Amino acid sequence: VEDLQQPGALELLRSPDPARLAYTGPDGYPRVIPIGFLWNGTAVVVCTAPTAPKVAALAKQPHVALTIDTMGPPAKELLLRGTASIEIVDGVPAEYLTAAAKSTQGDELAAFEAAVRDLYKEMARITITPSWARFYDFGAGRLPTFLRRLVEPCSA
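Taking the working numbering, I'd label the letters of the sequence shown as residues 355 to 510.
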């Protein structure tokens, strides 16, 4: 997971852009969904309603993949694999509001916070602990191995 310390990887982890979470659904087929998230320095935190389909699915099969990317130019990608743990908490977790504050400010954030505090009496805090990570920065030459091997003969 050393790639998580790359400046570009940290930039993506702190960005307001959504991540895409891949998990196994109850029928055994993969699901990929956009999610808001917060990087707490060691894990990705996602909060949702305890009744959300992903909560039940992750309780049964906690292995996940996650990607955060920009189309650039230059394109950058952070790919993670890890394990999700779930905790049901009273009220709205601070991580949920901090994640929202990455893309919403001022009166809009205050209205959002009031609405979610009204809506959620409890939430599921999903913590995704990375066990594998890869960061690619196509502009800086940090390419997937297969692509680097393809490009090398052309640049010689």
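Where a beta carbon is used, it is the ideal one built from N, C-alpha and C, also for glycine.
Since the model is a prediction, treat every value here as computed from it, not as a measurement.
Supposed contact pair residue j and residue i - C-beta distance, whole angstroms, cut 8 Å
| i | j | result |
| --- | --- | --- |
| residue 478 | residue 386 | In fact, because the Cβ distance is near 19 Å, the residues do not count as touching under 8 Å. |
| residue 436 | residue 418 | 6 Å |
| residue 393 | residue 368 | 6 Å |
| residue 454 | residue 463 | 7 Å |
| residue 439 | residue 416 | 7 Å |
| residue 491 | residue 428 | 7 Å |
Beta-carbon proximity of residue i to residue j, cut-off 7 Å
| i | j | result |
| --- | --- | --- |
| residue 376 | residue 489 | no |
| residue 473 | residue 422 | no |
| residue 441 | residue 451 | no |
Distance between residue j and residue i (C-alpha atoms, nearest Å)
| i | j | result |
| --- | --- | --- |
| residue 447 | residue 401 | 7 Å |
| residue 487 | residue 411 | 23 Å |
| residue 449 | residue 380 | 27 Å |
| residue 358 | residue 434 | 9 Å |
| residue 431 | residue 485 | 17 Å |
| residue 475 | residue 356 | 38 Å |
| residue 360 | residue 413 | 31 Å |
| residue 506 | residue 443 | 51 Å |
For residue i, the three-state DSSP class (helix, strand or coil)
| i | result |
| --- | --- |
| residue 424 | strand |
| residue 452 | helix |
| residue 407 | helix |
| residue 444 | strand |
| residue 397 | coil |
| residue 430 | strand |
| residue 381 | coil |
| residue 391 | coil |
Check your understanding: Is the segment 384-403 touching the segment 458-468, taking contact as three or more C-beta pairs under 8 Å?
Key -> no
Practice item. Assess, as a yes-or-no matter, whether the segment 394-404 is touched by the segment 481-488 under the definition of 3 or more beta carbon pairs within less than 8 Å. Key: yes
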